[in-house]
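Q: Number 179 in full-length UniProt numbering belongs to position 178 of the sequence shown; there are no gaps in the numbering.
My questions all concern the structure below.
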Amino acid sequence: SNIPKIVILGAGYGGILTALRLQKELNYNEADVTLVNKHDYHYITTHLHMPAAGTDNPENARVSISKLIDEFKIDFVKSTVVQIRPQDKKVILEDGTLSYDYLVIGLGGEPETFGIPGLGEHAMNIRSINSVRLIREHIEYQFARFKREPHRTDYLTFVVGGAGFTGIEFVGELSDRIPELCKQFDVDPALVKIYNIEAAPTALPGFDPELVEYGMDVLTKKGVTFRIGTAIKECSPEGVVVGEGEEIKSATVIWTGGIRGNRLIEEAGFETMRGRVKVDEFLRSPGNENIYIVGDNSLMFNPEGRPYPPTAQIAMQQGVVCAHNLVASIRNQPPKGFTFSNKGTVASLGKGEAIGIAFGKKYKGRVAAWLKKAIDLRYLFIIGGISLVLRKGKFL
Ligand code: FAD
């Protein structure tokens, strides 16, 4: 048939929003839409710091894709993409091949290790349901091991590399979880150490300095030791080497220090910067006007010429514009340029504590924590309506 084929790779924030909007805007038989994702669920990445620390169940951070999309309108394929072939307009899956007229790449980023030796091999990452289950089990296992080998205090030392939003939110949760684990395993809380190590001269670089100070103060009181302006030089099964050669012995290193684009994009021959493609204002890859790139794999610059940080917020807004432009292209209408509308940023610091900027104002403490909850509920509403809010909202 000559119905255009749209293939969306990845059902993360960018991919799912593109699919949901296409499903709404396309008329019957106007296009064939296929959504491909590694798992049959969408994960709420912005919530993953909680199940990683064990303060929430991983089930609460995922939603079955079949509950979100209308499978009469969108074909869902559960598979892993192994290769993108722009020359042939094909995508190779682990178990098949798809051809497309239009491609949307929303495969999410990968950890950037900046070439630091051992970090790729020995550090864990907060990226997916599977990766956070591993972190949670690993942390509990260290407490159990320590009871058998009480001289091994490195089992009770937790190193978090990176004090960006993910690192800060994770140490907030971890410091809430530690007292509970100490009680459960009869461990003296004074033996447990949480290090948050950041190479930049400040935590949350670029964020409001007064809120950063407040946040660090809250976390320090909860038992987090910050090492700011300190680079991790090496990571091994024994721990990390930092700064001028100081060793921190630890059986648990979690790296949150950087995100790069998905490897498949470089491998496909796209021109990239740290794995991300500098898209045009319509979210298309230069030279491949039938390929749209959304979320962590796209690179866009703000009016001051600085790259937007990869966030769920921008990925969602891109998904909406991407869907609009796909429909426009099919109908031979002009595309719409993307402009980011910053709704604010809130970082959780654990139970009942957060810092954030929204509506041009600063928030901290309990009010900021409510704001965080409101943002999470709004997201559930956008993707799954009131029924999803009722099913999952109570856990946030
Ligand atoms: P993702 O949401 O990463 O989704 C990618 C999808 O592609 C996944 O479903 C994955 O399974 C699938 N996939 C990957 N590879 C393949 C493959 N080869 N084949 C098939 N499928 C594949 N941002 C905010 O705006 N606010 C926040 O408060 C916030 N908090 C965060 C907290 C944490 C702990 C983390 C880790 C991130 C946070 N972020 C936050 C950042 C945000 O989560 C990301 O920027 C966002 O998820 C990027 O969306 P995406 O659509 O690019 O991809």
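Glycine included, every Cβ here is placed at the ideal spot set by N, Cα and C.
Owing to the predicted nature of the structure, the values given are computational and were not obtained by experimental measurement.
Is it right to say I140 is buried, meaning 16 or more other beta carbons lie within 10 angstroms of its own, or is it exposed?
A: buried
Q: Could you pull out every residue in the same chain whose Cβ sits closer than 6 Å to the Cβ of T19, ignoring the five residues on either side in sequence?
A: Non-local C-beta neighbours of T19 in its own chain, meaning closer than 6 Å and more than five positions away in sequence, comprise I9, V105, G320, C323 and A324, ordered along the chain.
Q: With a cut-off of 8 Å on the beta carbons, I'd call V161 and I255 a contact; round off their distance for me.
A: 5 Å
Q: Touch check for the segment 215 to 223 and the segment 144 to 163: three-plus C-beta pairs under 8 Å?
A: no
Q: So, with DSSP's three-state summary, where would you put M301?
A: Residue state, collapsed to three classes: coil.
Q: Assign V83 to one of two classes, buried (16 or more other C-beta atoms within 10 Å of its C-beta) or exposed (fewer than that).
A: exposed
Q: For Q319, which of helix, strand or coil comes out of DSSP?
A: DSSP, reduced to helix, strand and coil, places Q319 within a helical segment of the structure shown.
Q: Would you mind reading off the limits of the beta strand (DSSP E) that contains T221?
A: It is not in any beta strand (DSSP E) - T221 instead sits in the alpha helix (DSSP H) that spans P210 to K222.
Q: Taking 7 Å as the cut-off, is the C-beta of T46 nearer than that to any heavy atom in the ligand FAD?
A: Checking every heavy atom of the ligand FAD against the Cβ of T46, one is found closer than 7 Å.
Q: Which value, in whole angstroms, describes the spacing of the CA atoms of D71 and Q24?
A: 7 Å
Q: Tell me the DSSP secondary structure of Q88 in three-state form.
A: coil
Q: Mind checking whether G13 and G165 have CB atoms under 8 Å apart?
A: no
Q: I'd like to know if the segment 189 to 205 and the segment 223 to 242 are in contact, where contact means that at least 3 CB-CB pairs between them fall below 8 Å.
A: yes
Q: Helix, strand or coil for D76? Go by DSSP, reduced to three states.
A: strand
Q: Using DSSP bridges, identify the partner residues of F227.
A: N197
Q: Using beta-carbon positions only, say whether L212 and K365 come within less than 8 Å of one another.
A: yes
Q: Three-state secondary structure (DSSP) at N126?
A: In the three-state reduction of the DSSP assignment, N126 falls in the coil class.
Q: May I ask whether a heavy atom of the ligand FAD can be found less than 7 Å away from the beta carbon of I127?
A: yes
Q: Nearest CA to the CA of N28: which residue from G110, V243, R332 and G296?
A: R332
Q: Assuming G110 and D297 form a contact by the criterion Cβ under 8 Å, report the distance between their Cβ atoms to the nearest whole angstrom.
A: 3 Å
Q: Checking the sheet assignment: what are the DSSP bridge partners for T46?
A: Answer is none; T46 lacks a bridge partner.
Q: Within this structure, are the beta carbons of N30 and I7 separated by less than 8 Å?
A: no
Q: Can you give the beta carbon distance from I130 to A62, rounded, assuming they're within the 8 Å contact cut?
A: Indeed, because the Cβ distance is near 7 Å, the residues count as touching under 8 Å.
Q: Taking C-alpha atoms, which residue in E235, P59 and L69 lies nearest to F115?
A: Across the set E235, P59 and L69, the C-alpha of E235 shows the shortest separation from the C-alpha of F115.
Q: Report back the beta-carbon spacing between K148 and F186 to the nearest angstrom; my notes put them in contact at under 8 Å.
A: 6 Å
Q: The ligand FAD and D297: does any heavy atom of the ligand fall closer than 7 Å to the residue's C-beta?
A: yes
Q: Nearest CA to the CA of L36: which residue from E60, G55, G11 and H43?
A: G11
Q: For N303, does the count of other Cβ atoms within 10 angstroms reach 16, so buried, or fall short, so exposed?
A: exposed
Q: Say yes only if the C-beta of Q318 is nearer than 7 Å to one or more non-hydrogen atoms of the ligand FAD, and no if none qualify.
A: no
Q: Does any heavy atom of the ligand FAD sit closer than 7 Å to the C-beta of E170?
A: yes
Q: From the DSSP output, which residues share a beta bridge with G293?
A: A quick correction: the sequence has Tyr, not Gly, at residue 293. DSSP, once it has assigned bridges, lists V105 and R285 as partnering Y293.
Q: Just curious, the beta strand (DSSP E) that K362 is in, first and last residue?
A: That run of the beta strand (DSSP E) goes K362 to K365.
Q: Where DSSP assigns a beta bridge to T35, which residues make up the other side?
A: Beta-bridge pairing links T35 to V8 and D76.
Q: Just to confirm the assignment, what range does the alpha helix (DSSP H) spanning S176 have?
A: F166 to F186 is the span of the alpha helix (DSSP H), which, as asked, contains S176.
Q: Grab me the residues of A269's own chain with a C-beta within less than 8 Å of its C-beta, minus the 5 sequence neighbours each way, in chain order.
A: Q84, I85, R86 and P87
Q: Can you find at least 3 beta carbon pairs, one from the segment 371 to 385 and one from the segment 55 to 69, that sit closer than 8 Å?
A: Yes, the segment 371 to 385 touches the segment 55 to 69.
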